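**Q**
2 protein chains.
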Amino acid sequence: MRYLLLHSVVLLSMQLGAQNRPPAISSPDVHPDHSISFRYYSRTASRVLVKGEFLKSPVPMTKDTSGIWSVTVPPVQPDIYPYSFMVDSVDMADPNNTYVFANERFKRSIVNIPGDQPLIHSLQEVPHGKISYHLYESSTLGTTRPLLVYTPPGYSYDANKKYPVLYLIHGGSDTEETWTRVGQAHLIADNLIAQKKAMPMIIVMPYGNVRPKPMADFSRDMMQDIIPFVENNYPVLTDSRNRAVAGFSVGGGQTLNIGLMNASHFSYICSYAPYTATDEFKMNFTNWSPDPALVNQQVKLFELYCGTEDFLYESVKKNILFFESKKINVKSTIVPGGHTWMNCKQYLASTLQQLFK
Amino acid sequence: MRYLLLHSVVLLSMQLGAQNRPPAISSPDVHPDHSISFRYYSRTASRVLVKGEFLKSPVPMTKDTSGIWSVTVPPVQPDIYPYSFMVDSVDMADPNNTYVFANERFKRSIVNIPGDQPLIHSLQEVPHGKISYHLYESSTLGTTRPLLVYTPPGYSYDANKKYPVLYLIHGGSDTEETWTRVGQAHLIADNLIAQKKAMPMIIVMPYGNVRPKPMADFSRDMMQDIIPFVENNYPVLTDSRNRAVAGFSVGGGQTLNIGLMNASHFSYICSYAPYTATDEFKMNFTNWSPDPALVNQQVKLFELYCGTEDFLYESVKKNILFFESKKINVKSTIVPGGHTWMNCKQYLASTLQQLFK
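Protein sequence lines, in the order shown, are assigned to chains F and B. Okay, so the first sequence: first residue is 33 according to this note's numbering, each after it adds one. Okay, so the second sequence: first residue is 33 according to this note's numbering, each after it adds one.
(1) How far does the alpha helix (DSSP H) with HIS218(B) in it reach, from first residue to last?
(2) Since GLY370(B) and TYR307(B) are thought to touch, with beta carbons under 8 Å apart, how far apart are those beta carbons, to the nearest angstrom?
(3) Return no unless some Cβ of chain F is closer than 8 Å to the Cβ of LYS194(B).
(4) My parser needs the beta strand (DSSP E) runs of 3 or more residues fully inside the segment 339-387 of chain F; what are they?
(5) Distance, Cα to Cα, ARG273(F) vs ARG140(F)?
(6) Are the CB atoms of ILE258(F) and PRO238(F) nearer to each other than 8 Å?
(7) How should ARG243(F) be labelled, buried or exposed, when 16 other C-beta atoms within 10 angstroms of its C-beta is the threshold for buried?
(8) Quick one, are the C-beta atoms of TYR304(B) and ALA278(B) less than 8 Å apart?
(9) Hey, is the segment 193-213 of chain F in contact with the segment 348-361 of chain F, meaning 3+ C-beta pairs nearer than 8 Å?
(10) For THR212(F) versus ILE163(F), is the C-beta spacing smaller than 8 Å?
(11) Here's the rule I'm using: 16 or more other beta-carbon atoms within 10 Å means buried, otherwise exposed. How should ASP120(F) be labelled?
(12) Between VAL181(F) and the ligand PLP, is there a pair consisting of the residue's CB and a ligand heavy atom that are separated by less than 7 Å?
(13) Along chain B, which residues have their Cβ under 7 Å away from the Cβ of GLU136(F)?
(14) Taking the CB atoms as reference points, tell me whether VAL132(F) and ILE68(F) lie closer together than 8 Å.
(15) Restricting to Cα atoms, I'd like to know which of LYS349(B), GLY84(B), THR104(B) and THR94(B) is closest to VAL143(B).
(16) Could you name the residues of chain F that MET124(B) contacts, counting a contact when the two beta carbons are closer than 7 Å?
(17) What are the uninterrupted segments assigned as alpha helix (DSSP H) that are 4 or more residues long and contained completely in the segment 303-335 of chain B, given in chain order?
(18) Leaving out five residues before and five after TYR345(B) in sequence, what residues of the same chain have Cβ atoms less than 6 Å from its Cβ?
(19) Determine, using beta carbons only, whether THR207(F) and GLU136(F) come nearer to each other than 8 Å.
(20) For ALA309(B), is the classification buried or exposed, using 16 other Cβ atoms within 10 angstroms of its Cβ as the cut-off for buried?
(21) Could you name the residues of chain F that THR207(B) contacts, counting a contact when the two beta carbons are closer than 7 Å?
(22) When we look at the beta-carbon of MET93(F) and count the other beta-carbons within 10 Å, is it buried (16 or more) or exposed?
(23) Which whole runs of the alpha helix (DSSP H) in the segment 126-191 of chain B are 4 residues long or more, in chain order?
(24) What distance in whole Å lies between the Cβ atoms of SER251(B) and ASN289(B), which are believed to be in contact at a cut-off of 8 Å?
(25) Are the CB atoms of HIS153(F) and GLN216(F) within a distance shorter than 8 Å?
(26) Taking PHE388(B) and MET231(B) to be in contact with their CB atoms under 8 Å, please state how far apart those CB atoms are, rounded to whole angstroms.
(27) Can you tell me whether MET293(B) is helix, strand or coil according to DSSP?
(28) Per DSSP, what are the beta-bridge partners of ASP206(B) in this structure?
(29) Can you grab the Cα-Cα spacing for the pair MET254(F) / VAL103(F), in whole Å?
(30) GLN256(F) and SER382(F): beta carbons closer than 8 Å?
(31) Do GLY161(F) and PRO185(F) have their C-beta atoms within less than 8 Å of each other?
(32) By the three-class DSSP mapping on this structure, what secondary structure does VAL399(F) have?
(33) What's the call for GLU356(F), buried or exposed, on a 16-neighbour Cβ count within 10 Å?
Structure (structure tokens):
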């Protein structure tokens, strides 16, 4: 029997080898000086480039005799960046990187360049919350939809301890996972809570896409399905002073629709580089005539964020002027950077420190 | 102000258009007769093929004048299958399909062909459990590692209601998410619990990979870190009659190592197409001389599963002979099919119906 076993060990190794997989390649490798090596295997490609949000323009990779393409790019500002490979005409995720951008339109990989000191989104040795993946029935949309819920460190269901809630919405082609996978919302919350800069809170990350385009339906789903689901399943505070909404891009537009059309329900409305060229926004705000005194009393914080290189920057400036013209108190935070998840993480870190205080 | 707003709507539409994204394409489209259309956009590729575990060999796609490649494959047996596109020399996931195989070595997409009647892994109108994403400190491995925990429908923390636990391990280059993303473990459990064919239980899905290859370290991590973490954070039953371990491929080998080396801790050991050509398996079993009466009393169910087309089938038959030669009661379930996640779902559904009864 021992012979049989050892024989089978050799045989299995041969069989696994016969699966004819490409070589195991490490990519990306982030070096201590913050330079990054990328690698890709192809014997037949004629050109491979790296494209990334840390690069001004795509960088060509060089092939060695074993068919491994590689390049090392100079040191990059520590952060988390999306990138992809252009293999001949094909724009693709790095096949050797498990860390993938959660998005419905494109496939990109993510590279995490740690800071010499931990960044606000870094995995640190602090107590960790957890992220729960739910399915809920949306009566509004007539379907079962996904929903992520972050609960803070030490959370356990206890009807006597109730938490405030932030509803946090992703961008237009993103998914319910983009705020955690790319935005590291859970780690930002863990770190800020550990530093006592943020209140322990529950963060609900719904799936905001309604085909074919952002429609009023998601606002109804939020008010009629998502909030009741959360309030039935989690020990949350249900007054408006303990309810916030925030979102990025298309989700930033949804945040304005949901928050301002329901100002009695949300004391905190934070909109990150909102995309507002939607039918719903036009419907809600074209003839909007709010009672500013009432809204300003209901809404404790109404903040718009944008980067100066964001393609929506001019639009966001107009949004701010528009709300000011309605005498709504609007705080604006304008920072360097583009329409990126590097900026989103900053916006969220700023928001979390202002909520529920 | 209204003029400004409307002007900005037009401007934004133009700006979004200027982002120059590829056209929105629907792929895959599963038709009522179970045929499937695949689409891919490239003006410059010279050849695009579909590869899939439902196809005997890759199928070429045809390009139309707008640069959209497509093909419709004949009806496929309802199930969930991995597939990829070969674009010239590049093997890639379908860029228009968000549903991605969770794996560290390759990027494949997933297509779900629903049955005319719901399948055991189908999303059905039954109460749903949730999946919680944790980070835990592994003292064994000296790092923070991910861990997924399925809790059944109606679960909430209640120290007076305790649950049995299944520890469920993925395959060699898979991740802690493969059992849910590809294996639909949560939906299989939801459905079997709703049908009263499975007991309500907690299912723990750890990250089983330890670089550079499957090492005894993961067994120590399981016994010294993962099980204590779960027992500290969830209301679980801690006797061996309420603890099970199962896994696929490399995880099936880990299941044998963990289960049989700790038979006093696991009354249920279910191994799916185990890969056992590892140093750890050799170390544990080469000179193994168990007390069969004791092991057979400790382990209520010891089951090996394999498909007749699985490349490990001959090896699994030898594993079965080996355990039989040691007078260990081993149940074997041999079914059609290969080393696939289509088979894994069947194996898990069989296991869940036998646990904790």
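No residue lacks a Cβ here, since even glycine has one placed at the ideal position from N, Cα and C. Note that the coordinates shown come from a computational prediction; the quantities given were computed from them, not determined experimentally.
**A** Based on what the coordinates show:
(1) 217-226
(2) Their Cβ separation, rounded to whole angstroms, is 14 Å, which puts GLY370(B) and TYR307(B) out of contact at 8 Å.
(3) no
(4) 363-367
(5) 38 Å
(6) yes
(7) exposed
(8) yes
(9) no
(10) yes
(11) buried
(12) The model depicted lacks the ligand PLP and carries no ligand whatsoever.
(13) THR130
(14) no
(15) GLY84(B)
(16) VAL122 and MET124
(17) 311-317 and 324-330
(18) CYS338
(19) yes
(20) buried
(21) THR130
(22) buried
(23) none
(24) 5 Å
(25) yes
(26) 5 Å
(27) helix
(28) ASN135(B)
(29) 46 Å
(30) no
(31) yes
(32) Here chain F covers residues 33 to 389 and nothing more, so residue 399(F) does not appear.
(33) exposed
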